[in-house]
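Student: Protein sequences, first through last, are from chains A and B.
Residues in the first sequence are numbered from 24 upward in steps of one, following my numbering.
Residues in the second sequence are numbered from 39 upward in steps of one, following my numbering.
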Amino acid sequence: MILSRTLESKLSSLYKAGKIVGGVYLGTGQEAFSASLGCSLKQDRDIFAPLIRDQAGRTAFGEPLIEATQTYLGSALGPMKGRDGNIHRGRPAERRLAMISHLGASVSVVAGMLVARRIKGELDGVVGATSVGDGATSTGAFHEGMNLAAVERLPMVVLVADNQFAYSTPRSRQFACKSLVDRAKGYGVAGTEVDATDLLACLETVLAAVEAARRGEGPQIVVGKLLRLCGHGEHDDGSYVPDKVRSSDLGRDCLERGIEQVVSLGLAGAQEIEQWREEAASEVQAAVAQAQTEPRPDPYRDNWRAYSWEGMEP
Amino acid sequence: MSVTYIDAIHQAQLELLRERDDVFLYGQDIGAFGGAFKATKGLQEEFPERVLDSPISEDAMVGMAIGAAISGMRPIVEMQFADFSSIAFNQIVNHAGTHFYRTGVPVPLTVRLPCGGTPGSGPFHSQMVETLYGHYPGLLVMTPATVSDAYHFLKESVSLDDPVIFCEHKFLYRWLKTAAIDPEGLPLGVARITRPGKHATVVTYSAMVHEAVRAADRLSEEGWEIEVVDLRSIKPLDLDTVIASVARTGRLLALGEAFPWGGVTAEVVSRVVAEGFHLLDAPPMRLNAKDTPIPYHPDLWASHRPTPESITQSLRQLLNL
Chain A
24 MILSRTLESK LSSLYKAGKI VGGVYLGTGQ EAFSASLGCS LKQDRDIFAP LIRDQAGRTA
84 FGEPLIEATQ TYLGSALGPM KGRDGNIHRG RPAERRLAMI SHLGASVSVV AGMLVARRIK
144 GELDGVVGAT SVGDGATSTG AFHEGMNLAA VERLPMVVLV ADNQFAYSTP RSRQFACKSL
204 VDRAKGYGVA GTEVDATDLL ACLETVLAAV EAARRGEGPQ IVVGKLLRLC GHGEHDDGSY
264 VPDKVRSSDL GRDCLERGIE QVVSLGLAGA QEIEQWREEA ASEVQAAVAQ AQTEPRPDPY
324 RDNWRAYSWE GMEP
Chain B
39 MSVTYIDAIH QAQLELLRER DDVFLYGQDI GAFGGAFKAT KGLQEEFPER VLDSPISEDA
99 MVGMAIGAAI SGMRPIVEMQ FADFSSIAFN QIVNHAGTHF YRTGVPVPLT VRLPCGGTPG
159 SGPFHSQMVE TLYGHYPGLL VMTPATVSDA YHFLKESVSL DDPVIFCEHK FLYRWLKTAA
219 IDPEGLPLGV ARITRPGKHA TVVTYSAMVH EAVRAADRLS EEGWEIEVVD LRSIKPLDLD
279 TVIASVARTG RLLALGEAFP WGGVTAEVVS RVVAEGFHLL DAPPMRLNAK DTPIPYHPDL
339 WASHRPTPES ITQSLRQLLN L
């Protein structure tokens with residue numbers, strides 16, 4: 024969480040300094056929820072399809088920091104080689120999917136990765152997970168994907184970060200049910216709800232969902248109640264969020280609360296946390312510096328091939 | 039014994055399931071029921087784990103197949119009707135079509151689209167959609183007009199690493215027969231001269247190949263020799279064969295069953311004009327369906343799409359008769 028917050032704060036500065044072209048999308052305030060998923064998954068076998076506010080989950084699931092800076096800064100050596108940017112990155116061969124912008128689209132894709140494993144007899148002990156926001160639950164793709172996963176009774180975990188606003192649209196204009204966890208009942212899957220500003224609660228709830236899926240109890244929806252503590256992207260100041268919501272319990276910072284929790288449990292002291300912050304700063308600095316020295320993509324060298332089949336002329 | 043177009047599709051899927059453990063079929067009503075057109079009849083009985091009924095969720099069907107394809111499987115998705123693939127458009131063009139370029143990981147997925155008109159099917163069970171998918175990068179679009187092409191292309195679709203949009207024409211399912219499937223198929227990317235001629239070239243694909251041959255037969259009674267080129271796939275598009283034909287005849291009619299705005303016929307004409315303008319003895323022509331939704335009544339439907347009569351008329355115009 025510290026690493027993710029440090030990286031994202033650096034990315035925001037780079038964007039504001041004009042060093043990043045396109046958008047920068049942060050997960051400020053969502054780190055506890057996202058990281059809990061990344062920590063609960065097994066890096067050697069599980070599947071993770073993150074969405075735009077999952078830097079913490081990506082890091083916890085083992086995505087090297089350099090892949091974030093390479094993709095944001097347009098390095099030709101990064102996983103997307105400058106062909107796609109910012110949060111649209113991943114290494115599908117390592118079960119880390121590269122999201123498309125269309126919300127809800129990852130749900131059925133993760134389901135298919137699990138179905139493939141079932142047909143091959145390799146599903147035992149594997150969990151597939153994806154994250155969405157409250158806005159994505161309004162899409163047909165989310166509904167179709169959840170229903171399909173439920174029909175196939177797949178070991179799948181879907182995190183719904185109910186962060187109060189989809190871009191600028193409040194949840195009252197997004198859905199009419201009291202809580203998004205009510206949807207779980209309709210799909211015939213397990214659903215839980217958690218105060219996602221509370222790191223310990225997130226860890227407990229998300230891990231329990233992942234383990235339930237792993238035990239064969241079918242898809243699990245976990246709804247995290249929180250507030251996005253940043254704009255939709257760094258181009259957006261989030262001025263549409265009323266002060267009343269900002270100052271409510273939803274607006275608490277999960278990172279600050281998490282540190283308090285860790286300290287009060289005696290898991291780390293103030294000095295140690297300061298050391299983590301310093302380490303994070305130097306790791307981020309190194310990842311940014313490396314990506315900045317790497318070559319940009321060269322339009323004269325890109326093979327401009329959208330096909331793997333060589334019979335298709337570029 | 040004879041083999042129909044739908045038999046060829048059934049046979050190809052049966053053989054694929056038997057030959058490869060990584061192939062599975064996914065679609066609505068394709069299991070015990072055998073599919074709306076019986077393209078998967080009896081297959082679930084032999085392969086219960088690999089012939090799966092899906093919910094009515096076209097978007098999720100293709101999303102699921104994408105996930106399976108990047109996990110080492112070779113899924114074949116059956117859309118009940120090509121028209122319904124509009125619901126899956128996002129997954130097909132934005133997810134499957136972009137994946138290889140973006141990530142370097144190919145998506146070996148085949149989407150079978152029962153397309154084209156049959157009498158009485160109306161606006162939502164008759165459409166030609168190849169233009170939509172041909173437009174987007176990353177997708178191969180096959181449009182077989184013969185029984186053997188349907189068989190070989192479907193088998194080849196599965197062995198290719200890229201997503202394939204397999205447009206099978208419903209009008210040909212039971213009407214089109216051959217004594218036996220050719221043991222050797224023509225390669226993908228090569229058009230076929232279905233009927234040689236010297237006075238004009240008709241470039242077409244899918245069921246319209248047969249309508250073009252009928253029109254050519256009529257004109258042959260008057261001494262006109264019309265060459266019919268079957269594109270076989272619209273992406274890749276074999277322009278070399280088209281240009282060579284136009285070089286022989288000097289006249290081009292691009293014929294398609296799809297709506298007239300843009301599309302394959304427009305693409306063929308624009309490429310021939312750009313690369314072979316000097317070969318043309320007359321302005322190239324296009325003939326397509328009408329620019330209205332596809333009507334239900336058989337009498338209206340028969341006039342909505344090109345017919346041997348309207349094709350003959352266009353050819354007469356092209357030949358300045």
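Just so it is clear, CB atoms sit at the ideal spot from N, CA and C, and this is done for glycine as well.
Small disclaimer: the values here were computed from a predicted structure and weren't measured.
Going by DSSP in three states, residue 248 (chain A) sits in which element: helix, strand or coil?
Tutor: The count along the first sequence starts at 1 and reaches residue 248 (chain A) at position 225. Strand, per DSSP.
Student: Give, in chain order, every unbroken run of the beta strand (DSSP E) that is at least 3 residues long and sits entirely within the region 115-170 of chain A.
Tutor: The region 115-170 of chain A contains these whole beta strand (DSSP E) runs: 151-156.
Student: I'd like to know if residue 102 (chain B) contacts chain A, where contact means its C-beta is closer than 8 Å to some C-beta of that chain.
Tutor: Here the question's residue 102 (chain B) lines up with position 64 in the second sequence. It does; some Cβ of chain A falls within 8 Å.
Student: For residue 75 (chain B), collect the residues of the same chain with a Cβ closer than 8 Å to its Cβ; drop the 5 residues on either side in sequence, then sort them by chain order.
Tutor: Here residue 75 (chain B) refers to the residue found at position 37 when the second sequence is read from its first residue. Only 44, 152, 208 and 211 meet the Cβ criterion.
Student: I need the DSSP call for residue 195 (chain A), collapsed to helix, strand or coil.
Tutor: As a position in the first sequence, residue 195 (chain A) is number 172, starting the count at 1. In the structure shown, residue 195 (chain A) sits in a helix (DSSP, three-state: H, G or I).
Student: Residue 115 (chain B) and residue 100 (chain B) - do their beta-carbons sit closer together than 8 Å?
Tutor: By one-based count along the second sequence, residue 100 (chain B) stands at place 62. By one-based count along the second sequence, residue 115 (chain B) stands at place 77. A contact, by the Cβ cut-off of 8 Å.
Student: Using 8 Å as the threshold, is the C-beta distance between residue 291 (chain B) and residue 247 (chain B) below it?
Tutor: As a working mapping, residue 291 (chain B) is identified with position 253 in the second sequence. As a working mapping, residue 247 (chain B) is identified with position 209 in the second sequence. Cβ atoms of residue 291 (chain B) and residue 247 (chain B): not closer than 8 Å.
Student: Is the Cβ-Cβ distance between residue 194 (chain B) and residue 179 (chain B) less than 8 Å?
Tutor: Taking the second sequence and counting its residues from 1, the one referred to as residue 194 (chain B) is at position 156. Taking the second sequence and counting its residues from 1, the one referred to as residue 179 (chain B) is at position 141. Cβ atoms of residue 194 (chain B) and residue 179 (chain B): not closer than 8 Å.
Student: Under 8 Å Cβ to Cβ from residue 213 (chain A), same chain only, skipping five residues before and after it: list those, please.
Tutor: Position 190 of the first sequence, counted from the start, is the residue given in the question as residue 213 (chain A). Here the set comprises 207, 232, 235, 240, 241, 242, 243 and 244.
Student: Under three-state DSSP, which class holds residue 143 (chain B)?
Tutor: The count along the second sequence starts at 1 and reaches residue 143 (chain B) at position 105. Of the three classes helix, strand and coil, the one that applies to residue 143 (chain B) here is coil, per DSSP.
Student: At a Cβ threshold of 8 Å, is residue 95 (chain A) touching chain B?
Tutor: Residue numbering aside, residue 95 (chain A) sits at position 72 when the first sequence is read from its first letter. It does not: the Cβ of residue 95 (chain A) has no partner Cβ on chain B nearer than 8 Å.
Student: Once you ignore the five residues that flank residue 329 (chain B) on each side, which residues in its own chain have a CB closer than 7 Å to its CB?
Tutor: Taking the first residue of the second sequence as 1, we reach residue 329 (chain B) at position 291. Same-chain partners within the cutoff: 297, 298 and 299.
Student: Mind listing, in chain order, the continuous alpha helix (DSSP H) runs of no fewer than 4 residues lying wholly within the region 296-329 of chain B?
Tutor: DSSP runs (the alpha helix (DSSP H)) wholly in the region 296-329 of chain B: 301-314.
Student: Could you pull out every unbroken alpha helix (DSSP H) segment of at least 4 residues lying fully inside the region 223-303 of chain A, listed in chain order?
Tutor: With a minimum length of 4 residues, the continuous alpha helix (DSSP H) runs that stay inside the region 223-303 of chain A are 266-269 and 277-287.
Student: List the endpoints of the continuous beta strand (DSSP E) containing residue 179 (chain A).
Tutor: Counted from its first residue, the first sequence places residue 179 (chain A) at position 156. Per DSSP, residue 179 (chain A) belongs to the beta strand (DSSP E) from 179-185.
Student: At a CB-CB cut-off below 9 Å, which residues of chain A make contact with residue 175 (chain B)?
Tutor: In the second sequence, the residue the question calls residue 175 (chain B) occupies position 137. Within 9 Å Cβ-Cβ: 329 and 330.
Student: Have a look at residue 323 (chain B) and residue 307 (chain B) and give me their C-alpha separation to the nearest angstrom.
Tutor: Here residue 323 (chain B) is taken as the residue at index 285 of the second sequence, counted from 1. Here residue 307 (chain B) is taken as the residue at index 269 of the second sequence, counted from 1. Roughly 8 Å between the two C-alpha positions.
Student: Starting from residue 169 (chain B) and walking both ways along the alpha helix (DSSP H), at which residues does that stretch end?
Tutor: For the purposes of this step, residue 169 (chain B) is taken as residue 131 along the second sequence, with counting starting at 1. Counting along the chain, the alpha helix (DSSP H) containing residue 169 (chain B) begins and ends at 168-173.
Student: Note down, in chain order, each residue of its chain lying with its Cβ closer than 8 Å to the Cβ of residue 102 (chain A), except the 5 sequence neighbours on either side.
Tutor: Here residue 102 (chain A) is taken as the residue at index 79 of the first sequence, counted from 1. Correct list, in chain order: 90, 93, 94, 112, 113, 114 and 121.
Student: Does the Cβ of residue 200 (chain A) have 16 or more other Cβ atoms within 10 Å, making it buried, or fewer, making it exposed?
Tutor: The residue you call residue 200 (chain A) lines up with position 177 of the first sequence. Classification for residue 200 (chain A): exposed.
Student: Any Cβ of chain B within less than 8 Å of the Cβ of residue 138 (chain A)?
Tutor: For the purposes of this step, residue 138 (chain A) is taken as residue 115 along the first sequence, with counting starting at 1. So yes, residue 138 (chain A) belongs to the interface.
Student: Counting only the same chain and skipping the five closest in sequence on each side, list residues whose C-beta sits under 8 Å from that of residue 205 (chain A).
Tutor: By 1-based counting over the first sequence, the position of residue 205 (chain A) is 182. Excluding residues within five positions, the ones whose Cβ falls inside 8 Å are 214.
Student: Quick check: residue 147 (chain B) and residue 107 (chain B), are their CB atoms within less than 8 Å of each other?
Tutor: Taking the first residue of the second sequence as 1, we reach residue 147 (chain B) at position 109. Taking the first residue of the second sequence as 1, we reach residue 107 (chain B) at position 69. Yes.
Student: Going along the chain, which residues of its own chain have a beta-carbon closer than 6 Å to the beta-carbon of residue 269 (chain B), five neighbours each way excluded?
Tutor: Position 231 of the second sequence, counted from the start, is the residue given in the question as residue 269 (chain B). So the qualifying residues of the chain are 229 and 243.
Student: Between the beta-carbon of residue 62 (chain B) and the beta-carbon of residue 111 (chain B), is there less than 8 Å?
Tutor: Residue 62 (chain B) sits at position 24 when you count from the first residue of the second sequence. Residue 111 (chain B) sits at position 73 when you count from the first residue of the second sequence. Taking 8 Å as the Cβ cut-off, residue 62 (chain B) and residue 111 (chain B) qualify as a contacting pair.
Student: Which term fits residue 298 (chain A), buried or exposed, when burial requires 16 or more other beta carbons within 10 angstroms of its beta carbon?
Tutor: Taking the first sequence and counting its residues from 1, the one referred to as residue 298 (chain A) is at position 275. Exposed, because fewer than 16 other Cβ atoms sit within 10 Å of the Cβ of residue 298 (chain A).
Student: Look at the Cβ atom of residue 46 (chain A), then the Cβ atom of residue 256 (chain A), and state whether they are nearer than 8 Å.
Tutor: Working through the first sequence from its first residue, we reach residue 46 (chain A) at position 23. Working through the first sequence from its first residue, we reach residue 256 (chain A) at position 233. A contact, by the Cβ cut-off of 8 Å.
Student: For residue 224 (chain B) versus residue 274 (chain B), is the C-beta distance shorter than 8 Å?
Tutor: Translated into positions along the second sequence, residue 224 (chain B) becomes position 186. Translated into positions along the second sequence, residue 274 (chain B) becomes position 236. No, the pair does not count as a contact, with Cβ atoms beyond the cut-off.
Student: Going by the CB atoms, is the gap between residue 220 (chain A) and residue 182 (chain A) shorter than 8 Å?
Tutor: Reading the first sequence from its first residue, position 159 is the one you call residue 182 (chain A). Reading the first sequence from its first residue, position 197 is the one you call residue 220 (chain A). No, they are not a contact pair.
Student: Can you tell me which of the three DSSP states residue 328 (chain A) falls into?
Tutor: Here the question's residue 328 (chain A) lines up with position 305 in the first sequence. In the structure shown, residue 328 (chain A) sits in coil (DSSP, three-state: anything other than H, G, I, E or B).
Student: Looking at the ligand SAH, does it come within less than 7 Å of residue 252 (chain B), judged from the CB to the closest heavy atom?
Tutor: Because no ligand of any kind appears in the structure shown, any question about the ligand SAH cannot be addressed here.
Student: Between the region 183-207 of chain B and chain A, which residues of the former have CB atoms less than 9 Å from a CB of the latter, in chain order?
Tutor: Within the region 183-207 of chain B, the qualifying residues are 198, 199 and 200.
Student: Could you list which residues in chain B have their beta carbon closer than 7 Å to that of residue 107 (chain A), in chain order?
Tutor: As a first step, residue 107 (chain A) is located in the first sequence; it is residue number 84 there, counting from the start. What residue 107 (chain A) touches in chain B: 140.
Student: Check whether the region 114-128 of chain B touches the region 136-156 of chain A, counting contact only when three or more Cβ pairs, one atom from each stretch, lie closer than 8 Å.
Tutor: Not touching, per the Cβ criterion.
Student: Give me the Cβ distance between residue 337 (chain B) and residue 332 (chain A), rounded to the nearest whole Å; I'm assuming they're in contact under 8 Å.
Tutor: Working through the second sequence from its first residue, we reach residue 337 (chain B) at position 299. Working through the first sequence from its first residue, we reach residue 332 (chain A) at position 309. Going by Cβ atoms, the distance from residue 337 (chain B) to residue 332 (chain A) rounds to 43 Å, so no, they are not a contact pair.
Student: Which residue's Cα is closest to the Cα of residue 202 (chain B): B:312, B:176, B:187 and B:334?
Tutor: By 1-based counting over the second sequence, the position of residue 202 (chain B) is 164. Taking only the C-alpha atoms, the option nearest residue 202 (chain B) is B:176.
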